[in-house]
Every structure is written in structure tokens, then in C-alpha cells.
Amino acid sequence: APDTPVIDQAYSKLSNSITVEWRAVPGATNYMLTAEDGDSFVETIVKNSPGTVTGLKPATLYRITVRSINSGGKSQPSPFRKVKTVLAAPILSVHSPSCDSIAVSWKAVHMAAGFSVSLMRSDGLGRMLKQNTTNTSLIFTNLDPGALYTIKAYAWNANGMPGDDFTYNQRTSPNAPVDVKVAFSSGALRAVVSWMPSEGALSYSVTVSSGLLQLRCNTSSASCTVPSLQCGSEYSVSVTAYNDAGSSEPTDAVSLKTIPCAPVNISIEEDERGHLLVSWSSVSLGHYYVVFVKSDDGLEVHCNTSYTQCHFQSDCGFTYFISVFAYNKAGQSPLGDVFNYTTAPCCPSDFRAAFMSSDTVRVTWAPVRGADLYETRAAGGSGVVLCRDTATACTLSALQCSTAYNITVYSFSEARGSNTSCAPQYVATAPCSPEIKNITKEGLSVITVQWQPNNEEAMYVITARGEAGLWHCTSTGNSCTLMDLPCGSAFSVSAIARSPAGQSFPSYSIPLETAPCCPNDLLLTQVTQSVTNISWSVGRGAQTYITTLESPKGQAKCHTLQTYCLLGCITCGTNYTVSLRAISETGLTSSCTYQGYSSSACCPSGVKLYRLSNNGIRVFWRASDETINYKADLHGSKGNFSCTPSSGLSHCDVTKIPCGDVYTVVVAPVTDKGPKLTLFSSFCPKKIYSVTCSGSSVGMVIYRGKSNAKHI
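Take 13 as the starting number for the sequence shown in our numbering and just add one per residue.
Laid out in C-alpha cells, this is it:
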């Protein structure tokens, strides 16, 4: 075990501990401090010097020893030292009895001979106050209101040694707020109370009292709004400041008079026509009164009086909204009941009647002030038509057409009844709708429309409406004629009647279709000697076409949906008349005639070639008509040759024709078309002949056809 340590000194600075200092012992790792008071002991293990024993009793004498410790064990206790712990700190109880004082009290401390108490502002401002006393309470006065103070107290023993100290922070209660102001809001019946902030005040309480009624408002700011005040009342207003130390004294009361209450027992009467009398009962705190009378057109008048009645002018048909306010220095009373008074309605003005149709008229008029309902009465014809509505317009339907009516508009008011002195107005309904009886076609583009006249002094308008446009005719009678209607068009024909009173409904429409148009262009083209092609332009409104070529020798006809047609069995050299019929979808037909047509002249027959002695060829044929001239054409690889006969002959000669060649021979009629000759060779048959050379320059003529070649 280590050596025994030796205590250098031992002392107490706190009431619950003693501090010991000793010289270090070689080989010691820890030290055990022991404090004994005869009844108990306290041990503490520490690493080195100095060491403190805690958990002791204040003002108590202890024996202090130290033992060194290592792994080998503990040493013997050192020689003891006697040390007494200092006095315990007094436990303070502090409060602020007023805004400039703090009271401090405490319980007696064991072994204490006296006490020392000091006080200073926590922010360091001002001087420190200190008092020594043997009592257990004292009071600091002449302090700053609402300031935070730090209080420190300790006890000392008979030897004057101080014990533990005790620190406490205490704020003085605030001073009463100053410069209290009250702003009254008449519209919201509330008051805004404001003041200068008090130092150290954490909150404020505003008290507003009137008799037994008391209202409070708490806030941390320097103003507060007190709601729900009563009209016609006088209040006392005071403010108290608070902090954690307590409250200030209430401020001197400030008087607050609220606005007067709204006047009651309001009565309105029309003492004579055009004059209104408004009266009411007086109210508390009301110095004078203002009556506002506003009509429903926005015009407002008022009366300012210290009495309890006012007179106003009025007019018929007006609704007046009447309100009475009382006033004093605080302001205007709240809005009370708003009364309305409606005078008898005036007769409607700006009367207008507009016909929507032949049996319906829309009546409008200027609004009448004060009228809740309007009645429109139309008398005429076979009875009376009524219309009731709150609007300034009424539609009278199911009226008889072409009839005079007496129309009157009456205004009604729930408060004042009806004004029955309104004058009527006379209106006439539009003409009755005509009825088309018949439509007669007078020509391709002319129709006559007939109807049943059922109105007096009416003008009738007939309209044909179609994709091609509009066509009109007018008449005061029972018929009129539409001219120049286009062909191939569809129309809807209707009639209306017009008079100074208006226009009737249109009659029921009658469909009308004009015959299809004839094609403007027609072209005939001969395809073969017996077939001709006819083509034409489109005829508006036509669905099918029938074309006809007719002559004394016969007729060729074609029915088609197209704009062209092939006609067969055409006789050559014949004059034909050309006609075309255009047929619509409904079967309407237009007959169209065109310039005559002549078919081509007939080709000759029996064409033969004969050899001549002068190296020539004679072409011979049988003419179909002696009045027709012919021409022979020979075409070969060594040349082309032609000849025409003398008048009245049916043959012609070609001289010096080379032999040893094959010739295509065509004999065709020639017609005179003005200065030129037209050859119809394309329709005549072609024959092939071979002219051979038999050992000399002149050979044989051989016909080459479907059979074998032969000499001619």
C-alpha cells in the first residue's frame, strides 16, 4: 500500500462542501477523502489534490482525513483537520408591492448572526443598493417602475464569515399608462383606445364600463379595440398596465359617448296628393336628425331638422325609400329600418306595337315607377285578348288577321292598386295569308298564278324562288303573271299579302318546274356511209334525250342518257331533218329543231380497169346518180394518178401509167362545197390492181382481190 498523505489545508466555500489540499504520495493512483461529523461520514474518491467532499450539511464541524490508494491497497488515514462548513444561503421571497418598491423576505438561517441584501438594475443602469440586517425582511423603495432588478442575499455567522449567496431577479410593477386617447368608430360601434407604453409593461387591460355593463380588452400593444358597444350609451374608459410583478393603478377614466340609436316609430303618409309626411320618435343622445328620401330613379333628397318630422314632395309612379338617422358629436346612428312608400303608378308612356306576324303583336312601353304588374288588353274582332306580366312588354298572339284592335295597357301596384285612366291605342293586324289556287303555264317561260283574295286593300306579291334566282310579280287582284322564267329550272312559288299594317305569312309553297333547255350546240359527224354520230351540249334540266334524223326514205332515232348518239341505216345522198327532244326527270319535254343534214353521196359500183393501146388505163364504173361527178384515184409505188370523166360519162383514162406495179384504185363522188371540191373517197371501197409487163413496156392488168389475180 502507498504511504499516508499529509493534509496541507482544508476549507469550506460552499455550505455543502469542503475542499482539501495535500502533498502527492508516490505510487498512489487515487485518494479517498472522508468527512465525519460524529453522526455520519461522507467519502469521496478523487485522482489528485485538491479534492472536494460534497453532500455536507451547512454550518457543521467536520473531521477531514485523506487516504492514498493504489493496486496494493489503501494507506492509513492522514492526521485529521477540523473544518466547519459555511452558512446556508437564505431562500428569498420577493414581490413588488408598488411600481417603485420591492419587498424581500426569507426564513431564518441556522447559525446566522445577520444578513446582507443588495439590489441593482439588471441592465446595469443606476447604483447598487445594499442593506445589512438581522431581520428576515426588508423593503427597497424609490425604484424605477417596470424595471428588472437583480437581488443578492447571504447570511454571516458570529465571526462575520459570509455563507452561500442567493440571487433573484424581480421586476417592479409598471406605472399607469399616460396620454390615453379614445377614437370611436361610429360605423362599427367600436372604440379604439390608445396610450403611451409604460416601461416594463408586458400587457394592458382596457376597461369600458357603463352602469352594470363592463367590457374588457386585453392586449400586449399600445392600443386596443373594444367592439360591441351599444348605441345611445355613455362609457367610462380606463387602462391598467401589467407585468409579471403585478399591475399598475388604473388610469383616470375617460368619458366616451357613443352614437345615438336609430330612430323608431317611423310613419309615412301622403297627407295630400304630391306630398309625403315622415315622422318619428326622439332618441337618447340625439342632437339632430336627417331624413333621406331616395326614389327608385336614383334621385335623393334629405331634410335636416331638430324636430321629429319632415315634409317631402312626391310624384306618381315612384317608389320612395325612406331612412331616418340621428346625429351627435360621435357621428351618425346605425341604419334602422328602411321604409318604402309607393305612390299610385302612372299610365305607361312611349307605347309601341310591333307585329311579329300576321296574328301576333308585341306591345312595349316605357317602365312605370312603382308598377308591379301590367295588363295589356286587346279588344276587337270576335273577343278580347289579355296579357299580364311584370315586364314592360307583352306579346298578344292568336289575333285575327286583317282586323282592327283597341289596345290598352294598365299599370298595377300592390301598394296602390291600378291606374285605370290610361287611354287606348288602335292598331290593325297584318293581312291574312293568301292561298294559291292554281298555276297555269302560258308558255315555256311564262306562268300565271291565281289565288283567293282574302284581304281588303292589300297588295299581293308572288315569288318564284329557285337556284336560278328570284322572280316576282305583284297585283291587287287575284292573279299575276311571272315572265322570263329560265328553262330547266325548279322553283318554289309562294304568295304574301302586304298592307300598311304589315306583311302576312307566306302562303304554302307550290313546286314549279320549267321544261328543260334545248342544247345550244349540236354536231353531226358521218362515221361510215350508213352511220352518223350526233353529239350536243348539255341541256339544263334534261335527264334523257331523243334525237331523230328523218327523210322521205326513212327515219333514224336514238334515246340516250348521254350527250351523244350513233345513228345507223343512214341512206347515202339523202337530205335529213334533224330534231331533238330534251326530257326532264319528271317527264317535261322540250322539242328542239336544228339545221338539216345531208348524208354523203353514194359510191359508184362495178369499178373496172381496161388497158389502152397507148400505155394507158381506162377506169370504168356504174354511176349511182347521173348528176354526181366522180373522180378516179390510182396510188402505186411508182406514182399516183387520177382522172375525172367528161360530163355525163362513167369512165376516165389515165395515160402513160408505168407497168410492173400494184395500184390501189378508188372511185368516189365529188361534191361542190363552195370554191373547193370535197372527195368522199374514205367511204367508197378500194380495189387493188396489178399492171404487169409482158415482155414489153406494156403489160397486163390483173385484179388482186380476195380471189386469185386475173387478167382483165
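Every residue gets a Cβ at the ideal spot worked out from N, C-alpha and C, and that includes glycine.
Minimum Cα-Cα distance from Thr559 among the listed residues Arg364, Tyr422, Thr601, Ile522 corresponds to Thr601. Short of 7 Å from the beta carbon of Ile280, and not among the five residues preceding or following it, lie these beta carbons of its own chain, in chain order: Leu288, Val290, Ile334, Phe351, Tyr353. Taking each of Pro70, Trp34, Gln325 in turn and checking the Cα distance to Asp49, the smallest one comes out for Pro70. Sequence-distant partners of Arg428 (beyond 5 residues in either direction) whose C-beta falls short of 8 Å from its own C-beta, in its chain, are Thr354, Thr355, Ala356, Pro357, Gly382. Only residues of its own chain outside the window of five on either side were considered, and among them Leu289 have a CB closer than 6 Å to the CB of Asp283, listed in chain order. Taking all protein chains in view, the Cβ of Asp371 is crowded by 16 or more other Cβ atoms within 10 Å, so the residue is classified as buried. In the DSSP annotation of this structure, the continuous segment of the beta strand (DSSP E) that includes Asp176 starts and ends at 174–183.
DSSP lists no bridge partner for Trp207. If you ignore the 5 residues before and after Thr415, its C-beta comes within less than 8 Å of the C-beta of Gly392, Gly393, Ala440, Thr441, all in its own chain and listed in chain order.
Under the Cβ criterion (8 Å, minimum of three pairs), the stretch 158–174 counts as touching the stretch 120–132.
Note on geometry: alpha-carbon atoms of Pro272 and Lys306 lie some 23 Å from one another.
Ala435 counts as exposed, since fewer than 16 other beta carbons sit within 10 angstroms of its beta carbon. Of all C-beta pairs linking the stretch 246–263 to the stretch 200–216, three or more are shorter than 8 Å, placing the two stretches in contact.
Spanning the alpha carbons of Pro38 and Gly136 requires a straight line of approximately 51 Å. If one requires a minimum length of 4 residues, no alpha helix (DSSP H) run lies completely within the stretch 350–429. Non-local C-beta neighbours of Pro17 in its own chain, meaning closer than 6 Å and more than five positions away in sequence, comprise Trp34, Val37, Val78, Ser80, Ser90, ordered along the chain. Each residue's CA atom was taken as its position, placing Trp548 and Leu661 some 42 Å apart.
Spanning the alpha carbons of Tyr675 and Ala644 requires a straight line of approximately 12 Å. Spatial neighbours of Leu131 in its own chain (CB-CB distance under 6 Å, excluding positions within 5 residues in sequence) are listed in chain order as Leu141, Phe152, Tyr161, Ile163. Separation of the CB atoms of Ser487 and Ser506 is rounded to 14 Å, and the pair is thereby denied contact status at 8 Å.
If you look at His107, you'll find it in the beta strand (DSSP E) that goes 104–110. Following the DSSP letters along the chain, one finds Ile163 inside the beta strand (DSSP E) bounded by residues 160–168.
The Cβ atoms of Thr526 and Cys485 lie no closer than 8 Å to each other. With fewer than 16 neighbouring CB atoms inside 10 Å of its own CB, Phe53 falls in the exposed class.
When C-alpha distances from Gln437 are compared across Phe363, Thr317, Gly395, Asp533, the shortest belongs to Phe363. DSSP places Lys565 outside any beta strand (DSSP E), giving it a letter other than H or E. For Val666, the closest C-alpha among the options Asp20, Phe653, Gly672 is that of Phe653.
In this structure, the alpha-carbon of Ser149 lies about 18 Å from that of Pro174. Buried is the label assigned to Arg183, since at least 16 other Cβ atoms lie within 10 Å of its Cβ.
Burial is judged here by how many other beta carbons sit within 10 angstroms of a residue's own beta carbon; Ser409 has fewer than 16 and is exposed. In the DSSP assignment, Ser235 falls within the unbroken beta strand (DSSP E) covering 235–238. Rounded to the nearest whole angstrom, the C-alpha separation of Leu524 and Gln515 is 24 Å.
A Cβ-Cβ contact shorter than 8 Å links Trp633 with Gly618.
DSSP, read as helix, strand or coil, puts Ser547 in strand. In this structure, Thr64 and Ser27 do not form a Cβ contact; the two beta carbons are roughly 13 Å apart against a cut-off of 8 Å.
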